[in-house]
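If you're matching positions, the sequence shown starts at 1 in full-length UniProt numbering and goes up one per residue. Note that CB positions come from ideal geometry on N, CA and C, so glycine has one too.
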Amino acid sequence: LCRSQQGSASRGSTMTDTSFFSDGQALVVDSLQGLVDVSPELVFNKTIKTISNAHHDPSNHVTLISGGGAGHEPAHAAFVGRGLLSAAVSGNIFASPSVSQIVEAIRTVGGSAGTILIVKNYTGDIFHFHLAAEKARARWGHRVEVLVVGDDVAVGRQRSGKVGRRGLAGTVLVHKVLGSLSAQGKSIDELLSVGKQIVDGLVTCGVSQGHVHIPGTAVDADAANVKIELGMGIHNEPGCQVLDSKPSLDSLLNSMLDLLLKADDPDRAFVNFDDAKSSVLLVNNLGGTSQLELSAITRHTVQKLNSRGIQPTRILSGTLMTSLDASGFSITILKATDEIIASLDSPTTAIGWPQPYSAFKPHTGERVLESAFEKSSDNTSKASGPKLIPQAFNFSVTQACQALLAAEPQITHDDRIVGDGDCGATLSRGANAVLKVLSENPVTESTTAGAAMMSIAHAIEESMDGTSGALYELFFTAFAAALQTSSGETVSTEIWSQAAGSALERLQAMTPARVGDRTVMDALIPFIDTLQKEGDLAKAVEAARKGRDSTKGMEASLGRAVYVAGENWAKVPDPGAEGFVAIAEGIAKLSSEEGHCILKQHGRLRMTSLSNTSIGMLCAVDCKELLGNWLLKLAYDSDASIDKALSILAIGKDSIKGL
C-alpha cells in the first residue's frame, strides 16, 4: 500500500507565488493581531507572539497552552477562548516558538491550578516546550506538565522509530476536550488522564496535492511537479505513497481508511475500534480545498465508515489545522467516551471552532501589549569560575561564527534534500547573534569562562528556533554551568574538555540521539570524546569530520529526516553535523599563525608582572605543542635576561604538565 511510486504526472511546469505578503515574519504578527480585531475577549502580546484569553482564571482553572509554528491556522491561536485554550504561542512559519516565548506565556497566563502544554510531536516543539516547562517549574514553583500528541498513521512504527507518530489534526480534539474540563474546574491530574486517553485513541491520515509555498521565500522549482501524496505531513514532509495519477475519490478514501482502521497491520494498527462504544470523525481541510469539496468529501467518508461498521457519534468538518494553502485534507477518527462527547459538545467562545458560540464578554482593558521579558536569576550570568584569555576567546568564537556563515549555502542545499531546508538559515541566525554580542559586549580580563558561555547561550535563545536552537541553547547553558563550578583561576584544556563532557551528558539526558542516528551528535560526540581523551583540538576536529562523513548514507532515526525517502540519505551528510564541524574548524584556527600572534601579543602585555599565577593563566591555551617554544621566545622577546627567560620557561613547563 505504501510503496513510493515513480511517475511524471504534473499539474504544470511552473509554480507561482500566490501569497499577498512578501515578509513571512510580518505576516505572522499581522495575522495574530487580526484575531484580536475579530474576537473582543482576546489579548495579543506582540513581544512573544502570544494570544491569550483575557478572562482566564489560572487560580481556579487549569491553564492550557498550545502552539507551534505558524502556517496551521486556525490552529492554534484561533482556538483560544473560554471552554478551549487559555493561550497559544506562535513561532514563525513552520518554526517552533522560542523557549523564552513559551516561558513568558506560562508566566503571564499560568497560575496555581497548574499548566498543561499541549504539543504536537515534532522535535523542535518537543525540545522547546519541555525546556520551557523545566524553567517555569524552577522559577515559580507552579506545576507545569507537557502533553505530547502524536496521531499520524501514514508513517508506521518501523519508519518513525524513536520519533514516534507525528502530531496532526487530532491535536485540536485534545484542545477542545481538555478546554471543557478546565472550564468545569477539573484538576490537572484529571485533565492529564483524559488527555492521555484521547491521544491513545487518535488516528489521522492526510493527503495533499503537492508541496506548499512559504510566503516570503523563493519558489522551489521542485514543487512544480505536483502529484497526490498519501500521508504528507503538515510541514511538507514526505508521506508514504506518491501516486502516478490522480485516483478516484472512492479509491483514495479506501486507501486512507485502510491505513486508519486495519487492525491486522502490525506497523500501523495504533487503535482498535472494534470495541468502541462511541467515535468522533473529523474531516479537516489542509487549507486549499474548497468548502464545496470538503463537504462532499465528508459525506463520502461517512458512507464508507458506515459500510465498515462504524457510525460516528459526532462529525466535525471544516478548517481546523492547515498546512498553509495545501490542496488536501485529512481524516481523524477518535475512540471516544461519554465524557469526551460531552466535552466536545460544550460551548466555547473560540472563533476557530466549527460551532462557535457568540456569548462574548468583551475585555475593556488594553488588548495589544508589548512587554519586556521578565528578567530572572538565570538570565544573569554568575561571575564565578575560572577566567579566560579574552583575545583568544574572541578570536576563536569569531572564527567559528564566520566559518558557520561561510558553510551556510552548502548546509541549506543539503538540508533541502534531507530535511525542510531551514538548518543553514537557523545556524546563521545564531552565528550572527553571537557576533553581535561579541561586538557589543566583548569579553575582558575580568570575564569568567562561564559568563562568556552563558552570553552565547542567551544569544542562541533569542535568535535560533527549531531543533538546532534548542540543542545548542541547552548545550551552551550546561557548558556555562559546568564552567561556573570549575576550580582554578584560569581555564585550561582540561577544564574546557571536562565542561564540554558535562554539557554533553546534560544534552544526552534530553534527547535519545546518539552516534548512528544521523544527527549533529554524530560529529559532536566524537569531538568531545577525543578532546577529553587526547587533549588535542586538532585530533578532536578530525574526529568530528569523520563523524560527519559517516552520516552520508546513514539512515535517519530522529528528526524530520526520518520522513525523507531513503535514497536521499546517500546523497549528502547530515546538515546538523556539517554545521558543528564548521564551528569546530573555526575554533581550531586558534592554532593558526594569526592565532599564535594573538596569544603572543597577550603574553607580552602580561610580561611585566610574570609570576607563577600569570604563567598559569598564559597556559590556558588549547595548544600544548605551541606552549614550549612560545614561552621561551616570549621571555626572550621581552628583553628579559637569559636567566629570566630560563626561569620563565621552567615555570611554564611545570604548568604544561597539568594541561
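query = Any idea what DSSP makes of ALA269, helix, strand or coil?
reply = Here residue 269 corresponds to residue number 269 of the sequence shown, with the count starting at 1. Correct three-state label for ALA269: coil.
key: alpha helix (DSSP H) segments (min. 4 residues) lying fully within the stretch 41-124   = 99-109
query = In or out: ALA26 buried (at least 16 other Cβ within 10 Å) or exposed?
reply = Position 26 of the sequence shown, counting from 1, holds the residue named residue 26. Exposed, by the Cβ-count rule.
ask   = Three or more beta-carbon pairs under 8 Å between the stretch 147-158 and the stretch 255-273, yes or no?
value = yes
inquiry  = Quick check on GLN355: does DSSP put it in helix, strand or coil?
reply    = For this step, residue 355 is matched to residue 355 along the sequence shown. Coil.
query = By DSSP, does ARG159 sit in helix, in strand, or in coil?
reply = Taking the sequence shown and counting its residues from 1, one reaches residue 159 at position 159. In this structure, ARG159 counts as helix in the three-state DSSP scheme.
query = Just the Cα atoms here: how many angstroms apart are ILE315 and ILE333?
reply = Position 315 of the sequence shown holds residue 315. Position 333 of the sequence shown holds residue 333. Looking at the two C-alpha atoms, the distance is approximately 10 Å.
request  = Would you kindly check if the distance between the Cβ of LEU405 and the Cβ of VAL163 is under 7 Å?
outcome  = By 1-based counting over the sequence shown, the position of residue 163 is 163. By 1-based counting over the sequence shown, the position of residue 405 is 405. No, the pair does not count as a contact, with Cβ atoms beyond the cut-off.
task = Quick one: residues in its chain with C-beta nearer than 8 Å to the C-beta of LEU483, no 5 flanking neighbours on either side, listed in chain order?
result = Your numbering for residue 483 matches position 483 in the sequence shown. If we look at LEU483 and ignore the five residues flanking it on each side, its Cβ neighbours are GLY385, PRO386, THR448, ALA449, GLY450, MET453, VAL491, ILE495, ALA499.
task = Would you mind working out which of THR493, PHE329, LYS546, ALA584 sits nearest GLY516, comparing C-alpha positions?
result = Residue numbering aside, residue 516 sits at position 516 when the sequence shown is read from its first letter. Minimum Cα distance to GLY516 is reached at LYS546.
request  = For residue 716, count neighbouring Cβ atoms within 10 angstroms of its own Cβ and tell me buried if that reaches 16, exposed if not.
outcome  = Residue coverage of the chain in this structure runs from 1 to 659, which leaves residue 716 outside it and unanswerable.
query = Based on Cα-Cα distance, which residue from GLY466, SER180, GLY352, ASP522 lies nearest to PHE127?
reply = Counting from one through the sequence shown, the residue named residue 127 turns up at place 127. Selected option, being the one with the closest Cα: GLY466.
request  = Return yes when the C-beta of CYS240 is under 6 Å from any heavy atom of the ligand FAD, and no when it is not.
outcome  = With respect to the ligand FAD, the structure shown offers nothing to examine, as it has no ligands at all.
task = Determine the DSSP secondary structure at GLU625, reduced to helix, strand or coil.
result = As a working note, residue 625 is residue 625 in the sequence shown. With a pLDDT of 42 at GLU625, under the threshold of 50, the modelled position of that residue is not reliable, and no figure is offered here.
query = Alpha carbon to alpha carbon, how far is PHE20 from ALA425?
reply = Working through the sequence shown from its first residue, we reach residue 20 at position 20. Working through the sequence shown from its first residue, we reach residue 425 at position 425. Cα to Cα, PHE20 sits roughly 23 Å from ALA425.
inquiry  = Determine whether the beta carbon atoms of LYS135 and VAL89 lie at a separation below 7 Å.
reply    = Taking the sequence shown and counting its residues from 1, the one referred to as residue 135 is at position 135. Taking the sequence shown and counting its residues from 1, the one referred to as residue 89 is at position 89. No, the Cβ-Cβ distance between LYS135 and VAL89 is not below 7 Å.
query = On the premise that VAL149 lies in contact with ALA133, defined as a C-beta separation below 8 Å, what is that separation, rounded to the nearest angstrom?
reply = Position 133 of the sequence shown, counted from the start, is the residue given in the question as residue 133. Position 149 of the sequence shown, counted from the start, is the residue given in the question as residue 149. Between VAL149 and ALA133 the Cβ distance is about 15 Å, and since that is not below 8 Å, they are no contact.
key: Sequence-distant residues of the same chain with beta carbon closer than 7 Å to VAL28, five excluded per side   = Residue numbering aside, residue 28 sits at position 28 when the sequence shown is read from its first letter. The residues LYS49, ALA70, SER90, ASN92, ILE93, in chain order, have a CB closer than 7 Å to that of VAL28 in the same chain once the five nearest residues on each side in sequence are set aside.
message = So the candidates are THR115, LEU320, PHE129; which of them puts its Cα closest to the Cα of ALA95?
response = To locate residue 95, count along the sequence shown from 1; it is residue 95. If we check each option's Cα against that of ALA95, PHE129 comes out closest.
request  = Would you tell me roughly how many angstroms separate the C-alpha atoms of GLU73 and ALA513, rounded to the nearest one?
outcome  = In the sequence shown, counting from the first residue as 1, residue 73 sits at position 73. In the sequence shown, counting from the first residue as 1, residue 513 sits at position 513. Going by the C-alpha atoms only, they are around 31 Å apart.
request  = Note down, in chain order, each residue of its chain lying with its Cβ closer than 8 Å to the Cβ of ARG107, except the 5 sequence neighbours on either side.
outcome  = Within the sequence shown, residue 107 is the residue found at index 107, counting from 1. Once the five neighbours on either side are set aside, the close Cβ partners of ARG107 are ALA136, ARG139, TRP140, GLU374.
task = Could you tell me the distance, in whole angstroms, from the CA atom of LEU626 to the CA atom of VAL397?
result = As a working note, residue 626 is residue 626 in the sequence shown. As a working note, residue 397 is residue 397 in the sequence shown. For LEU626, the predicted structure reports a pLDDT of 45, less than 50, and the residue's modelled location is therefore unreliable. The matter cannot be settled from this model.
task = Can you give me the Cβ contacts of PHE475 inside the same chain, cut-off strictly under 6 Å, excluding the 5 residues immediately before and after it?
result = On the sequence shown, residue 475 is found 475 positions in, with the first residue counted as 1. Here the set comprises ALA503, LEU507.
key: CB of ASP325 within 7 Å of CB of GLY288, strictly   = Counting from 1 along the sequence shown, the entry for residue 325 is found at position 325. Counting from 1 along the sequence shown, the entry for residue 288 is found at position 288. Cβ distance < 7 Å, so ASP325 and GLY288 count as in contact.
message = Taking the alpha carbon of GLN355 as the reference point, which residue from GLY318, ASN272, THR47, VAL302 has its own alpha carbon closest?
response = Here residue 355 refers to the residue found at position 355 when the sequence shown is read from its first residue. Looking at the Cα atoms, GLY318 is the closest of the given residues.
ask   = Where do the ends of the alpha helix (DSSP H) carrying LEU281 lie?
value = For the purposes of this step, residue 281 is identified with residue 281 of the sequence shown, where counting begins at 1. No alpha helix (DSSP H) contains LEU281, which is instead part of the beta strand (DSSP E) from 278-285.
ask   = Helix, strand or coil: how does DSSP classify ILE152 here?
value = Position 152 of the sequence shown, counting from 1, holds the residue named residue 152. A quick correction: the sequence has Asp, not Ile, at residue 152. In this structure, DSSP gives ASP152 an extended state, which the three-state scheme calls strand.
request  = Rounded to whole angstroms, what's the CA-CA distance from THR613 to VAL443? Just pull it up for me.
outcome  = For the purposes of this step, residue 613 is taken as the residue at position 613 of the sequence shown. For the purposes of this step, residue 443 is taken as the residue at position 443 of the sequence shown. Residue placement at THR613 cannot be trusted, given a pLDDT of 37 that sits under 50; what the coordinates show is reported in the next sentence. If you take the alpha carbons of THR613 and VAL443, they lie about 20 Å apart.
task = Starting from residue 660, follow its DSSP beta bridges and name the residues at the other end.
result = Residue 660 falls outside the range modelled here, since the chain spans only 1 to 659, and no answer is possible.
task = Since I believe LEU84 is in contact with HIS175 (beta carbons under 8 Å), could you give me their beta-carbon distance rounded to a whole number of angstroms?
result = Within the sequence shown, the letter at position 175 stands for residue 175. Within the sequence shown, the letter at position 84 stands for residue 84. About 6 Å separates the two Cβ atoms, so the contact holds.
request  = Could you please give me the residues that DSSP links to VAL207 through a beta bridge?
outcome  = Translated into positions along the sequence shown, residue 207 becomes position 207. The partner list for VAL207 (beta bridge, DSSP) reads LEU230, PHE329.
key: Sequence-distant residues of the same chain with beta carbon closer than 7 Å to GLU370, five excluded per side   = Mapped onto the sequence shown, residue 370 falls at position 370. Excluding positions up to five away in sequence, the list reads LYS46, THR47.
query = In chain order, what residues of the same chain have a beta carbon less than 8 Å from the beta carbon of ASN285, not counting five sequence neighbours either side?
reply = Within the sequence shown, numbered from 1, the residue matching residue 285 stands at position 285. Cβ within range, chain order: GLN291, LEU294, GLY318, THR319, LEU320, THR322, PHE329.
6 Å CB neighbourhood of CYS401 in its chain, flanking five on each side removed = Walking along the sequence shown from the start, residue 401 turns up at place 401. Result list for CYS401: ALA431, VAL434, LEU435, in chain order.
query = Is the distance from the Cβ of LEU178 to the Cβ of LEU168 below 7 Å?
reply = Stepping through the sequence shown from its first residue, residue 178 is reached at position 178. Stepping through the sequence shown from its first residue, residue 168 is reached at position 168. In this structure, LEU168 does not lie closer than 7 Å to LEU178 by Cβ.
query = Just reading off the alpha helix (DSSP H) that ARG429 is part of, what are its end residues?
reply = Taking the first residue of the sequence shown as position 1, residue 429 is located at position 429. Note, ARG429: alpha helix (DSSP H), 423-440.
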